[in-house]
Amino acid sequence: MAELFYDDDADLSIIQGRKVAVIGYGSQGHAHALSLRDSGVDVRVGLHEGSKSKAKAEEQGLRVVSPSEAAAEADVIMILVPDPIQAKVYEEHIASNLNDGDALFFGHGLNIRFDFIKPPAGVDVCMVAPKGPGHLVRRQYEEGRGVPCIAAVEQDATGNAFALALSYAKGIGGTRAGVIKTTFTEETETDLFGEQVVLCGGTSALVKAGFETLVEAGYQPEIAYFECLHELKLIVDLMYEGGLEKMRWSISETAEWGDYVTGPRIITDATKAEMKKVLAEIQDGTFARTWMDEYHGGLKKYNEYKQQDADHLLETTGKELRKLMSWVDEEA
Ligand code: NDP
Ligand code: MG
Ligand code: MG
């Protein structure tokens, strides 16, 4: 059974007694910096020369310094720049500013799990990863709620690293919803697997293939869009609220019967065998290496894929239809 931690299990005074640097002010960075500040923590934000978010951070009352200065001042350093540049930012600005007893924090384990960053033995290495996008992390905190987090310790130099991680999680509202203890390995591998196989990759491919099948058979793209993409949200909301059972309670018996007999014809043993291959490539570092090469090679294929999907009939059809539904927020 997973170990869960709530507000009463975490001591906010630990993080309130430290100096925190949040490096990066994007989706997660802004949420962590603002919520820690509102929780009474001494925070500074580290941003690179020419940063687009600097003005916003300052407007919101935060002190912004360079990543090196932030790392030098602080004894807890949270790295929240994009994963592919973390190793460079670490080498250039953070490594030389780490002292024994400091703590290096991450919001995702990739760079530690695959050894792109190798911290010295004297520092605590922790992760606090909210299981939701940064803007929701901040909004929930302001509403007195929280996004569940997972927390891990890779290196416990001080003997107090996990208590520090829990304290940090409390500072961003995580312990209000619950914090699950994990490891860098488990977080990194399951996160990559989930986003590739189910949440992003699997779902996008399923939606596109279903849409294409209907359109190629001569049905109207607008109808296919509603069937294969729009309605997905309604189905997933029901699953989120009450599992497969609640979804099946709400749909018609006809839909439920089709669910049982057709689902396994779409996601077959061959699909599951491929999932196992994907997992193996995540575990042995093949995926991480390929992605770093793609990123540092100028994102050529990445941009090709992006453009291909932007031009897809599914997307152009959806764009038009959503204009007529003012309540569907394009910005959300
Ligand atoms: P974003 O892409 O939203 O944030 C990028 C930030 O990093 C921006 O403020 C950007 O500056 C800054 N930045 C870019 N280059 C540099 C640099 N050289 N030096 C200093 N700062 C730089 O990142 P995310 O918040 O999406 O991701 C951060 C971490 O959180 C990752 O490890 C990710 O895996 C993890 N995570 C993200 C989630 C999410 O909700 N997105 C969910 C859970 C974990 P600017 O734009 O100002 O120029
Ligand atoms: Mg991820
Ligand atoms: Mg239907």
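For the sequence shown, counting from 1, position 250 maps to 274 in the working numbering; every step adds exactly one. A virtual CB, placed ideally from N, CA and C, is assigned to each residue, including glycine. Here the structure is a predicted model, which is why all the values come from computation and not from measurement.
- Taking the C-beta atoms as reference points, D66 is found nearer than 9 Å to Q40.
- Relative to ligand 2, the beta carbon of H132 is positioned inside 8 Å of a heavy atom.
- In the DSSP assignment, P154 is bridged to C173.
- In this structure, G70 has its CB closer than 8 Å to one or more heavy atoms of ligand 1.
- Note that the segment 117–137 touches the segment 84–101; at least 3 beta-carbon pairs, one per stretch, sit closer than 8 Å.
- Between C150 and A185, the CB-CB gap stays under 9 Å.
- Rounded to whole angstroms, the gap between the alpha carbons of E344 and K257 is 18 Å.
- The beta-carbon separation of V221 and I174, rounded to 19 Å, does not stay under the 8 Å limit for a contact.
- Check the Cα spacing between A248 and each of I259, V260, F235: the tightest is with F235.
- By the C-beta criterion, the segment 191–198 is judged to be in contact with the segment 36–50, since at least 3 inter-stretch pairs fall below 8 Å.
- With distances taken between CA atoms, I306 lies nearest to G133 out of G133, L268, G156, A187.
- The beta-carbon separation of F140 and A111, rounded to 4 Å, stays under the 8 Å limit for a contact.
- Distance from the CA of K347 to the CA of D333, rounded to the nearest whole angstrom, comes to 19 Å.
- Excluding its 5 nearest sequence neighbours in each direction, V231 has C-beta neighbours in its own chain below 6 Å: C252, L253, listed in chain order.
- Distance from P172 to V161 at the Cβ level is roughly 10 Å; contact not present, criterion being Cβ atoms closer than 8 Å.
- From the listed residues G85, S51, L128, the smallest Cα separation to K43 is found for L128.
- Secondary structure at G48: coil, using DSSP grouped into helix, strand and coil.
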